[in-house]
Structure formats: C-alpha cells, structure tokens
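Structure first, then comments.
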Amino acid sequence: MLALASNTEPPHFCPTARQVRIPAMQSTFVEHYLPNGLRVVCEVMPRIRSAALGFFVRAGSRNERPHEHGVSHFLEHMCFKGTPNRNYHDINVRFDELGSIYNAFTSKEHTVYFGWVPATRASAQLELLADMMHPSLPPDDFETERSVVLEEIAMSGDSFEHQVWNFLHECCFSRHPLAHEILGEQETVRKMPRDVMVDYHRQRYAPKNVSLVAAGAIEPEEVFAAAGRYCGHWQPATNGDVEFPIPPPLSTGVQKQKLDRFQQQSIILIYPSVHNGHADGETIEVFQSLFGGMNSRCYWNIVRKGICSQAGAAWLSYADCGALALYADGEPDRCEDMLSALKEQAADVTKNGFTPDEVQRVKNRRRTHLALEAENPRTRLMQLADDLEAYDYVRPPDARLAAVEAVTEKTIAAYLDRHSITGNALLLSCGPRDWPQ
Numbered sequence: 000m001l002a003l004a005s006n007t008e009p010p011h012f013c014p015t016a017r018q019v020r021i022p023a024m025q026s027t028f029v030e031h032y033l034p035n036g037l038r039v040v041c042e043v044m045p046r047i048r049s050a051a052l053g054f055f056v057r058a059g060s061r062n063e064r065p066h067e068h069g070v071s072h073f074l075e076h077m078c079f080k081g082t083p084n085r086n087y088h089d090i091n092v093r094f095d096e097l098g099s100i101y102n103a104f105t106s107k108e109h110t111v112y113f114g115w116v117p118a119t120r121a122s123a124q125l126e127l128l129a130d131m132m133h134p135s136l137p138p139d140d141f142e143t144e145r146s147v148v149l150e151e152i153a154m155s156g157d158s159f160e161h162q163v164w165n166f167l168h169e170c171c172f173s174r175h176p177l178a179h180e181i182l183g184e185q186e187t188v189r190k191m192p193r194d195v196m197v198d199y200h201r202q203r204y205a206p207k208n209v210s211l212v213a214a215g216a217i218e219p220e221e222v223f224a225a226a227g228r229y230c231g232h233w234q235p236a237t238n239g240d241v242e243f244p245i246p247p248p249l250s251t252g253v254q255k256q257k258l259d260r261f262q263q264q265s266i267i268l269i270y271p272s273v274h275n276g277h278a279d280g281e282t283i284e285v286f287q288s289l290f291g292g293m294n295s296r297c298y299w300n301i302v303r304k305g306i307c308s309q310a311g312a313a314w315l316s317y318a319d320c321g322a323l324a325l326y327a328d329g330e331p332d333r334c335e336d337m338l339s340a341l342k343e344q345a346a347d348v349t350k351n352g353f354t355p356d357e358v359q360r361v362k363n364r365r366r367t368h369l370a371l372e373a374e375n376p377r378t379r380l381m382q383l384a385d386d387l388e389a390y391d392y393v394r395p396p397d398a399r400l401a402a403v404e405a406v407t408e409k410t411i412a413a414y415l416d417r418h419s420i421t422g423n424a425l426l427l428s429c430g431p432r433d434w435p436q
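The numbers in numbering that gives the first Met the number 0 rise by one with no breaks, and the one at position 214 of the sequence shown is 213.
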C-alpha cells in the first residue's frame, strides 16, 4: 500500500486520511476525506509530466423532480458563467493561461468537470475548478444560457440516435426519473426559475455528493492541502436528499414511435440485465464486442449481408438496474428482416456460444486499450470516476486487466443462461414506418 502522508495543513484544513484497500489487489491510490465530507482520491502515475483533476458530482437527470427536469445540465452550463471571484471571460481566459484541456458533461447519474494541465499547474487548475463549483448564477447570463440550452434541445430533435436513445429510456423506465431526458424538456427549461437551480445546487453540490479526483504527476499531500484551501469551507446541505424509488421491472410487449422526418428505422429487443458495478460487467462488455461492432457476429451475418446498416448490443447500466438491448438500424421496409436476423443471432450465440478464438481476439483489443488508457491522465481520471460510481472504490490498471482476463466463453455462456436473450422481450420500433401492425 502507498504510505499516507502526515498531516501538514493547519488543523481546520486537515482532512481525515485513510488507506484505500482494494480486494485482492495492491493499491497505488491515496484517499482523504475533508472534515466537511468531500472525498479526495489521487493516483500517482510514474513517468508522466501532466496531471488531470476533476470534480465528480452525483447530480444527474435521475436526481431531478418533475419541475426540475433539465436543471443538472443547465447548471453544468452555468458553472462556466461566473463565480463570486470571476466572470465568464475570466474563467475562459484562465483555462487558456493554464494551457488546460478541459470540459464538462452531464449524464443520468452524475456531472463531471475536469482539466488536464502540465504538472506544475495542477494546484492552479484545482483552484479554478473549485471556484466554478460554486457559481454565482448571474441573472443576465442565466437567461442567455437558458436560450442556449433551449436551442440545444431543439437541435437534438434532428438527431435520429438521440431520439431513439430517449425513446428507449422512456419505454424501459416508464415514469421513473431514469426516463428523463438529460437536456430536459422545452417547457420545463423555459419556465425554470433561477431559485430552482439555487436550491438544487445547494443540495446536490454539497460536499457529501462530490468527489475530487486527481491522476498523473501529482503529490497527494499537495492535492489534499490544496483541496483544504479551496474546498474546506464548503458547507454541508441543509436539508435531506430527495429519495427516488428503485426502477420498476422491465416490461414486455411492443412500443412504437413514428418519426416521419427520418429515413431509417431502429428495431430494438430489450432484456433484463444487471446493474452498474455487477460482477458480470466485464463479461457483458466482451459480449457486446462479440455480438456487435467490427468483426462481430452481427457484422458478418447481418450488416455484411445487406440486411441493415448497423447492428449489435448495448448495455444500459445504472446504479440499481440494467438492461441489454439488441438493435438493428436500417431501411424501414426491412423491419421484418432485421428483427428475424437479430433473433437468429441471439438464438445461435445462446445455443452454440462463442469460440475461444473469438473471445481471445476481443480480449487482445481490450488489452491494448487498457495499456493506452493507463498512460493518459485524463483517461485515468474518467476511469477513476467510473469506478467510484460503480464500486465506491478505485481499481488500478492491473485490476481492470485481471477482470478482462477472467472472461471466457464459459462466463459468457453462464451470463446468457442467467439472463436470457431469446425469450419474451420488450420490442421497440422507432422510425418513419408504423411497424409492427
């Protein structure tokens, strides 16, 4: 285990330290908690000259109540628009002064802000990001950015993939918050008062819902000290979390969405699966590559035969639920052929499985990706955030590689035995054709 540093900060900034123990693995990480509850996780990467730092906030569209739809994404925009210490121009100029590669994004379950800089500017990057976590929400910029978000929502209607993705979640999760559109709806965003965002920020951006993650050429003690200086004054939330129910079981049957303005149709079969962080996770990732993607069963037996333009599998994984979607996109008059081909491939891999050579080829590609990702602080930062969300601890690259190595044709067959992809399913049809009748 990497030794923990002694506390060197003044008492009111001294975080509570503890070692991170990862089951059956030798950890290279150090973790601290500030007294206010903020979690700080560091990974020191040898022979790297840069550092990536980011704030992982448990604030996504599933945390929103009906009148708040879209507030998580809208708030992400507003965090770049000014703080009590900087205006919009100052924030953007400061990123450039640091030479930062930076961005932010919102998902169903979290919002992430990050910056990647030369190692000597890590503390300055942390200060800027920490300042942004408490935006002033200037009223004029609030209205300007509202228009930007509304335009983004309008533009999303022109994306077939976006429409299908939203329809899929609406059908899978019904009235549960996971069905919410991340961007929000035109009506809720247009009517949203600034006070709604103020209250949401106070609750969701409280220290207990935030993790600071750093990877690269860093000194953990310096990161902890900087976190104390820039985040130690953050106040806990003053009211309790809004509790949301567990999503209902996945239904079966047929759901259709007719979209006349598009020229392609998407056919999707959806089956129950496991939640994010489940032990079957890496097995499902390998299955997706074997079933769809390049050089896969669907590629050679469906796409290359001209039945559709693309086909494969997608795992929807969230904190407390999951689903596996088998899909095919193509010409509307080929719906029958696409559905038949998907079912044929699902039945074949269930009955006959995959060959050891097929599985090994996917694992070889995965090894290469893991090796490249392990050398990139920004990629490692995202992996650490994903681990915190899925497992509540972080994994070194060797642990990720071990999980890949453990996948075999037998583990895939065992998963398909527990979670069938050949029985009753939820069938979705999305596109210009009103099918099936």
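Beta carbons: idealized from backbone N, C-alpha and C, even for Gly.
For clarity, every value in this text was computed on a predicted model and none was experimentally measured.
**Study point:** Within 9 Å, strictly: CB atoms of G291 and A310
**Key:** A contact, by the Cβ cut-off of 9 Å.
Check your understanding: By Cβ distance below 6 Å, which residues in the same chain neighbour Q25 in space, the five residues on each side in sequence not counted?
Key -> Low confidence applies to Q25: its pLDDT is 38, below 50, so where it sits in the model is not reliable, and the reading given next is rough at best. Taken in chain order, the list of residues that qualify is empty.
Check your understanding: Residues in its own chain within less than 6 Å of G183 by CB, not counting five upstream and five downstream?
Key -> Cβ neighbours of G183 beyond the five flanking positions: H68, G69.
Point to revise | Exposure of P22, with buried meaning 16 or more beta-carbon neighbours within 10 Å | key: The predicted position of P22 is uncertain, since its pLDDT is 40 and thus under 50; a value taken from the coordinates is nonetheless stated next. Exposed, by the Cβ-count rule.
Exercise for review: Taking the CB atoms as reference points, tell me whether P134 and H200 lie closer together than 9 Å.
Suggested key: The answer is yes: Cβ separation under 9 Å.
Exercise for review: Just grab the DSSP bridge partners of Q264 for me.
Suggested key: Under DSSP, Q264 takes part in a beta bridge, and its partners are G329.
Practice item. Please state if the CB of S419 and the CB of Y270 are separated by a distance shorter than 9 Å. Key: If you check the CB distance, Y270 and S419 come in under 9 Å.
Exercise for review: Answer with buried or exposed for I283, where buried requires no fewer than 16 other C-beta atoms within 10 angstroms of its C-beta.
Suggested key: With a threshold of 16 other beta carbon atoms within 10 Å, I283 meets it and is buried.
Check your understanding: From I306 to Q256, what distance separates their C-alpha atoms?
Key -> Approximately 21 Å between the Cα atoms of the pair.
**Study point:** the region 210-217 touching the region 38-54, judged by at least three CB pairs closer than 8 Å
**Key:** Yes: the two stretches touch, three or more of their Cβ pairs being nearer than 8 Å.
Point to revise | Other residues of its chain near F73: CB distance less than 8 Å, five sequence neighbours each side excluded | key: Taken in chain order, the residues that qualify are E144, R145, V148, G183, V188, M191, M196.
Check your understanding: So, is R57 buried or exposed, given that buried needs 16 or more other C-beta atoms within 10 angstroms?
Key -> That one is buried.
**Study point:** Where F353 falls, given that 16 or more other Cβ within 10 Å makes a residue buried
**Key:** F353 is buried by the Cβ-count criterion.
Check your understanding: Which residue comes first and which comes last in the beta strand (DSSP E) that contains H102?
Key -> Checking the sequence, you will find Asn at residue 102 rather than His. Per DSSP, N102 belongs to the beta strand (DSSP E) from 100-105.
**Study point:** Beta-carbon proximity list for E475, same chain, < 6 Å, skipping 5 on both sides
**Key:** Here the chain comprises residues numbered 0 to 436, so residue 475 is not present and cannot be evaluated.
Practice item. Output the distance between the C-alpha atoms of R38 and P206, rounded to the nearest integer angstrom. Key: Inter-residue distance for R38 and P206 is about 8 Å (C-alpha atoms, whole angstroms).
Point to revise | Segment contact, 8 Å Cβ cut-off, at least three pairs: the region 47-57 with the region 111-125 | key: Contact between the region 47-57 and the region 111-125 is present: three or more C-beta pairs spanning the two stretches fall below 8 Å.
**Study point:** Contacts around N365, its chain only, beta-carbon distance under 6 Å, and the 5 residues preceding and following it disregarded
**Key:** Per the sequence presented here, residue 365 reads as Arg, with Asn not at that position. If we look at R365 and ignore the five residues flanking it on each side, its Cβ neighbours are V403.
Check your understanding: Does R48 have its Cβ less than 9 Å from a Cβ in chain D?
Key -> Here chain D cannot be found, since the structure has a single protein chain.
Practice item. Please work out which residues of its chain come closer than 7 Å, Cβ to Cβ, to P376, disregarding the five sequence neighbours upstream and downstream, and give them in chain order. Key: Cβ neighbours of P376 beyond the five flanking positions: M44, I47, S49, A50, A51, W115, A214, G215.
Check your understanding: Which partner residues of P271 appear in the DSSP bridge assignment?
Key -> Partner(s): A322.
Check your understanding: With respect to the beta strand (DSSP E) encompassing K342, which residues constitute its N-terminal and C-terminal limits?
Key -> It is not in any beta strand (DSSP E) - K342 instead sits in the alpha helix (DSSP H) that spans 334-351.
Check your understanding: What is the DSSP secondary structure of E63, reduced to helix, strand or coil?
Key -> Look at E63 here: in three-state DSSP terms it is coil, with no helix or strand label.
Exercise for review: Reducing DSSP to helix, strand and coil, say where A405 ends up.
Suggested key: It is coil, neither helix nor strand.
Check your understanding: Got a sec, what are the start and stop residues for the beta strand (DSSP E) P117 sits in?
Key -> Note, P117: beta strand (DSSP E), 110-117.
Exercise for review: Decide if A370 is buried, meaning its Cβ has at least 16 other Cβ atoms within 10 Å, or exposed.
Suggested key: Burial check for A370: the Cβ neighbour count within 10 Å stays below 16, so the residue is exposed.
Point to revise | For S122, the first and last residue of its enclosing alpha helix (DSSP H) | key: Segment 121-131, the alpha helix (DSSP H) holding S122.
Practice item. Compute the distance between the beta-carbons of C179 and S60, then report whether it is under 9 Å. Key: The residue you asked about is not Cys; residue 179 is His in the sequence shown. The beta carbons of H179 and S60 sit closer together than 9 Å.
Practice item. Taking only runs that begin and end inside the region 186-259, name each unbroken beta strand (DSSP E) of 3 or more residues, in chain order. Key: 209-215, 252-257, all fully within the region 186-259.
Review point. From Q202 to A236, what distance separates their C-alpha atoms?
Key: A direct Cα-Cα distance of roughly 5 Å separates Q202 from A236.
Practice item. Counting only the same chain and skipping the five closest in sequence on each side, list residues whose C-beta sits under 6 Å from that of F286. Key: The answer, listed in chain order, is I411.
**Study point:** G311 - DSSP class collapsed to helix/strand/coil
**Key:** Of the three classes helix, strand and coil, the one that applies to G311 here is strand, per DSSP.
Point to revise | Beta-carbon proximity list for A401, same chain, < 7 Å, skipping 5 on both sides | key: The answer is none, since no qualifying residue turns up.
Review point. Looking at D319 and H368, is the spacing between their C-beta atoms short of 9 Å?
Key: No.
Exercise for review: Over the uninterrupted beta strand (DSSP E) stretch that includes F79, give me the two end residues.
Suggested key: For F79, there is no enclosing beta strand (DSSP E), as DSSP marks it with neither H nor E.
Check your understanding: Ends of the beta strand (DSSP E) at Y87?
Key -> Where Y87 is concerned, there is no enclosing beta strand (DSSP E), although the alpha helix (DSSP H) it sits in stretches over 87-96.
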